[in-house]
Structure formats: structure tokens, C-alpha cells
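Working notes, structure below.
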Amino acid sequence: MSALERPVVKPRPVYLNLVRIRLPLPGIVSILHRISGVALFLFGIPLLLAAVSASLASAESWAELRSAASHPLAKLVLLGLAWAYLHHFCAGIRFLLLDLQQGIELAPARLSSVIVLVVSLALTLSVGVWLW
């Protein structure tokens, strides 16, 4: 059988199980950066705009807003949004430095991703202490 008569064998598609893939820490920080950005866009901005609108409407609505914000579930939501903002900010600075070709080697990239996680969690913890 010549090369022209041989049937073409198509490679089978590769099944990528996203649950079983183990990302390196910089990859996890990158995905968390995207997730925090989406959370801020979908929940943070509308919540902030609604809070500002309610606070400017009247003194009674400001008192209702403060009362609602003192509920533990509201504090948990605010803490989650604070983490999203702080992580997005810290990871954004890391990505700006990477764009400037700073820390693009393997060891500094891993170290900067650890620093982003530690700093964002420490700042979120301080916000949590302030909230409660």
C-alpha cells in the first residue's frame, strides 16, 4: 500500500478533566484574579451603587443601610467583596510587574504569587477584624 492509499488516521480528541489538572500556584493566582474581577463587576459595583444611592436618599435610608450592614450575613458578603478587591489589587500589581519583565523567571514568579496570596489574605483578615 502506497502512502497515497493509506487511510488518514485522525488523532482522538484529548479529554481534559479540569478537576484533575493540578495548576501551579501562579496559575491559581491568575484564575483567582479573574474570578475576583468578575465578582467585583457582577456584585461589588451594583452593591456599591445601591448603597451610595440609598445613603444619599435620606437619613432614614442611611440608618436602614447601617442596620442591614450590621447583620452577620451582610458582614460576610462585605468580607468576601473586600477579599475580591484586595486580591484583585495585589494580583494586578503582580501582573503589572510581570508585564515590565520583572520576576518572570520560575522562582520569582512562584514567590510573587505566594506574596500576593499572603498579603491579600492578611489585608482581608484586618478588614474582617475591623468589620466585627
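Each residue of the sequence shown is one higher than the one before, counting from 133 in my numbering. Cβ atoms here follow ideal geometry from the backbone N, Cα and C, with glycine treated the same way. All values reported here derive from a predicted model rather than from experimental measurement.
- Taking Leu-243 as reference, the option from Gly-159, Ile-153, Arg-152 and Leu-148 with the minimal CA-CA separation is Gly-159.
- At the C-beta level, Trp-194 and Ser-187 come within 8 Å of one another.
- Residue environment analysis places Ala-223 among the buried positions, since at least 16 neighbouring C-beta atoms fall within 10 angstroms of its C-beta.
- In the DSSP assignment, Arg-198 falls within the unbroken alpha helix (DSSP H) covering 191-201.
- Rounded to whole angstroms, the gap between the alpha carbons of Phe-175 and Glu-137 is 60 Å.
- It is roughly 44 Å from the alpha-carbon of Leu-255 to the alpha-carbon of Pro-145.
- Residue state for Trp-264 is assigned as coil, using DSSP reduced to three classes.
- Scanning its chain for C-beta atoms nearer than 8 Å, with the 5 sequence neighbours on each side dropped, one finds around His-165 the residues His-219, His-220, Ala-223, Gly-224 and Phe-227, in chain order.
- Taking all protein chains shown into account, Ser-185 has fewer than 16 neighbouring C-beta atoms within 10 Å of its C-beta and is therefore exposed.
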